[in-house]
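As structure tokens, the structure follows; a few thoughts come after it.
Rendered as structure tokens:
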């Protein structure tokens, strides 16, 4: 069986206190910490999801990108068969370090369950799934760098085998307040907007 062609529909990049959607800057803040930037972005887009403030930084980063890409296409009226495939380099190390600090001082031993919850990188997939009511396949990979060929191939397999109607895939890296997110949606529905573009070319823009 010949694989069907798949198409990139929308993409989002978040880095350096700026959010770019489909090549256009839609939100930018003065230089600040990611924590402050993420709160500003949340309020700017009038997102109504109080649990956002309890998330770790990696989950907030992935959540913001997913919110912009999935909100226009998900619906509470039907089951949304959207697969999630994300990757990064440092896993959940940023949160792991914070948790380790909370248990290292024997005189001030205070392990936080709220922090411990986020010591796995795939928790951000769970946060996105809960928000958009997704029960479809999801995976989180660790690579030295963004392996665009692998991600594209995996997304195509899911779509071609009808395990997903569309796929949200990308790179969400966060460590020590250095961050970058690149997310895109892919499906078999024809789209001429990015006819000659690939995940790799859009990521490197």
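In our numbering, the protein residues as written are 2 to 206.
All C-beta atoms, glycine included, are put in the ideal place defined by N, C-alpha and C.
This structure is a prediction, so every number in the text was calculated from the model and none was measured.
A Cβ-Cβ distance of about 22 Å is found for the pair residue 149 and residue 74, leaving them out of contact under the 8 Å criterion. Assignment of residue 160 by DSSP, reduced to helix, strand and coil, places it in the helix class.
For the 7 Å CB-CB criterion, residue 28 and residue 42 form a contact. Annotation: the region 36-100 contains the following complete segments of the alpha helix (DSSP H) (minimum length 4 residues), in chain order: 58-71. Counting the other CB atoms within 10 Å of its CB gives residue 141 a total of 16 or more, which places it among the buried residues. Shown here, residue 14 sits in a strand according to DSSP, grouped into three states.
Where residue 201 is concerned, there is no enclosing beta strand (DSSP E), although the alpha helix (DSSP H) around it starts and stops at 200-204. The continuous beta strand (DSSP E) containing residue 19 extends over residues 19-22. The C-alpha of residue 190 lies about 19 Å from the C-alpha of residue 86. Excluding its 5 nearest sequence neighbours in each direction, residue 181 has C-beta neighbours in its own chain below 6 Å: 16 and 174, listed in chain order. Boundaries of the alpha helix (DSSP H) harbouring residue 126: 124-133, taken from the DSSP string.
Assignment of residue 150 by DSSP, reduced to helix, strand and coil, places it in the helix class. Boundaries of the beta strand (DSSP E) harbouring residue 28: 25-29, taken from the DSSP string. In the three-state reduction of the DSSP assignment, residue 155 falls in the helix class, which pools H, G and I. If you compare the alpha carbons of 172, 186 and 151 with that of residue 165, the shortest gap goes to 186.
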